[in-house]
Amino acid sequence: MKHILIILALCICFTKYIDAQSRKAYITNFDSDFISVIDLNTKEKITDITTGKNPHGVDVSPDKKFIAVSNEGDNTVTIIDAATNKVLNQISVGSHPNQLAFTKDGAWIFVTINASTVVDVVNTANWTIEKSITVGRNPHIALSSPDGTKMYVTLEGDNKIVEITIAKMQVTGEIIMFGFPRIPVITQDGKTIFTTLRWFNGTVKVDLEKNKVVDWIQLPQAKTFPQEGKASHGEGIRSDGKYLYVTSQILNSVSVIDIHSQKIVKEIAVGKDPNWIDFTSDGKIAVVSNTGDNTVSVIDLASNKVIKTLPVGKSPKRLVVTK
Numbered sequence: 047m048k049h050i051l052i053i054l055a056l057c058i059c060f061t062k063y064i065d066a067q068s069r070k071a072y073i074t075n076f077d078s079d080f081i082s083v084i085d086l087n088t089k090e091k092i093t094d095i096t097t098g099k100n101p102h103g104v105d106v107s108p109d110k111k112f113i114a115v116s117n118e119g120d121n122t123v124t125i126i127d128a129a130t131n132k133v134l135n136q137i138s139v140g141s142h143p144n145q146l147a148f149t150k151d152g153a154w155i156f157v158t159i160n161a162s163t164v165v166d167v168v169n170t171a172n173w174t175i176e177k178s179i180t181v182g183r184n185p186h187i188a189l190s191s192p193d194g195t196k197m198y199v200t201l202e203g204d205n206k207i208v209e210i211t212i213a214k215m216q217v218t219g220e221i222i223m224f225g226f227p228r229i230p231v232i233t234q235d236g237k238t239i240f241t242t243l244r245w246f247n248g249t250v251k252v253d254l255e256k257n258k259v260v261d262w263i264q265l266p267q268a269k270t271f272p273q274e275g276k277a278s279h280g281e282g283i284r285s286d287g288k289y290l291y292v293t294s295q296i297l298n299s300v301s302v303i304d305i306h307s308q309k310i311v312k313e314i315a316v317g318k319d320p321n322w323i324d325f326t327s328d329g330k331i332a333v334v335s336n337t338g339d340n341t342v343s344v345i346d347l348a349s350n351k352v353i354k355t356l357p358v359g360k361s362p363k364r365l366v367v368t369k
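Per the numbering used here, the very first residue in the sequence shown carries number 47; after that it's consecutive.
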């Protein structure tokens, strides 16, 4: 019995070690042709990976084996082996692919084709486009539901969010946004979406049972008028589901919002023009890309303070953390 307990303890330690080893952040550098990789254990950049022109969107497969990057400048999606950081495949897609998202089962990648009206769906079994789903004008972000049955897509040109039922591969619903939707996130119970809007410094709350916008959370305003539509952009929900983190491009900060009370509990100063945020699954670390000064900010979530600022490529935009 003693030997069995020792073996179990060693297995648990080894699993934790492997999990810790996998904690990396992949950051797209829009004014470059490569992405940057940050080791979140050492808090250092470990490599750059050449992908394509104007890398924009990025996601990691559910099994953590693959990183997918959309290259807006040459209309491709790059597939990277996460273990070796080597490029495995380059897939041609529609014009100006923006964000992309793996489905929860890893079978598909939904790629928003921003210069068109479709989402290209890539089959991960053979890395080819299986289908193009017509959704509406200027699809921007694809976001999976927690149960993996639906994909939500924001439409910049139509000021709405559409719902795709993955089993049917077609649009089965829509939500009018009354504004230019930017970055949506969804609560763990699948009942609420928070999304940022162009020009609005804050986020709006969408009730998915009522299928409509029901509330908003405003962040502090700047003293000067923001240019080029800058306001809140990226946002994310911490792994415990209690706090929403919203970036502000005009305040160069991240607001921490208690989801239950919808009150701001903390303001975190980051770099210039923060674009995107993602978290480790243990709720200890967040990473923010700062487009305006070519850096990323690493945040300790226990203290909600920046503990490291690292240079990356030109105009870092989206990022994903391998949990």
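All C-beta atoms, glycine included, are put in the ideal place defined by N, C-alpha and C. The structure displayed is predicted, hence computed values, not measured ones.
Next on the checklist: Would you call the segment 180-188 in contact with the segment 197-209, where contact means no fewer than 3 C-beta pairs closer than 8 Å?
Outcome noted: Judged by Cβ distances under 8 Å, the segment 180-188 makes contact with the segment 197-209, as three or more pairs qualify.
Next on the checklist: So the candidates are Ser-68, Asp-319, Asn-160 and Gly-282; which of them puts its Cα closest to the Cα of Glu-274?
Outcome noted: Asp-319
Item to check | 8 Å CB neighbourhood of Met-215 in its chain, flanking five on each side removed | outcome: Hits under 8 Å: Val-167, Lys-177 and Ile-179.
Item to check | Classification of Glu-90 by the beta-carbon crowding that lies within 10 angstroms, buried from 16 upward | outcome: Label assigned to Glu-90: exposed.
Next on the checklist: Short of 8 Å in beta carbon distance, which residues of its chain neighbour Ala-348, apart from the five on each side in sequence? Order them along the chain.
Outcome noted: Lys-330
Checklist entry - In this structure, what does DSSP give as the bridge partners for Thr-293? => result DSSP, once it has assigned bridges, lists Val-300 as partnering Thr-293.
Next on the checklist: Taking a contact to mean a Cβ-Cβ separation below 8 Å, would you say Thr-158 touches Val-104 in this structure?
Outcome noted: no
Next on the checklist: Quick check: the Cα distance between Pro-357 and Val-367, rounded to an integer number of angstroms?
Outcome noted: 17 Å
Next on the checklist: Check for me: the beta strand (DSSP E) holding Arg-228 runs from which residue to which?
Outcome noted: 227-232
Checklist entry - Can you list the beta strand (DSSP E) stretches of 3 or more residues lying completely in the segment 158-244, in chain order? => result Runs found: 164-169, 174-180, 185-190, 196-201, 206-211, 216-222, 227-232 and 238-243.
Checklist entry - What residue from Val-165, Thr-242 and Thr-170 has the CA that sits closest to Val-208's CA? => result Of the candidates Val-165, Thr-242 and Thr-170, the one whose C-alpha sits nearest the C-alpha of Val-208 is Val-165.
Item to check | Contact set for Thr-355: own chain, Cβ-Cβ below 7 Å, skip 5 residues either direction | outcome: Gly-317, Thr-341 and Ser-343
Next on the checklist: Using a Cβ distance threshold of 8 Å, determine whether the segment 229-241 contacts the segment 273-288, with at least three qualifying pairs required.
Outcome noted: By the C-beta criterion, the segment 229-241 is judged to be in contact with the segment 273-288, since at least 3 inter-stretch pairs fall below 8 Å.
Next on the checklist: Alpha carbons only, please: which of Thr-74, Val-139 and Ser-68 is nearest the one belonging to Pro-108?
Outcome noted: Ser-68
Checklist entry - Of the residues Asp-94, Asn-87 and Gly-194, which one's Cα is nearest the Cα of Ala-332? => result For Ala-332, the nearest C-alpha among the options comes from Asn-87.
Checklist entry - What does DSSP give as the partner residues of Pro-266 in its beta bridges? => result Answer is none; Pro-266 lacks a bridge partner.
Next on the checklist: Distance check for Lys-111 and Gly-287, CA to CA, integer angstroms please.
Outcome noted: 25 Å
Checklist entry - Among Asp-94, Ala-147, Ile-84 and Gly-219, which one has its Cα closest to the Cα of Ala-114? => result Ala-147
Checklist entry - Would you report the Cα separation of Asn-350 and Ala-268, rounded to the nearest angstrom? => result For Asn-350 and Ala-268, the distance between alpha carbons rounds to 22 Å.
Checklist entry - When the Cα atoms are used, what is the spatial distance from Pro-143 to Lys-309? => result 35 Å
Next on the checklist: Any beta carbon from chain C within less than 8 Å of Ser-327's own beta carbon?
Outcome noted: Here there is only one protein chain, and chain C is not present.
Next on the checklist: Bridge partners for Ile-345 per DSSP, in chain order?
Outcome noted: Ala-332 and Val-352
Checklist entry - Does the beta-carbon distance from Thr-97 to Thr-124 come in below 8 Å? => result yes
Item to check | 8 Å Cβ cutoff met for Tyr-291 and Ile-323 | outcome: yes
Checklist entry - Exposed or buried, which one is Lys-62 when buried takes at least 16 other CB atoms within 10 Å? => result The predicted model places Lys-62 with a pLDDT of 44, which falls under 50 and marks its position as unreliable, so this point remains unresolved.
Item to check | Selection from Gln-295, Met-223 and Val-139 that minimises the alpha carbon distance to Trp-262 | outcome: Met-223
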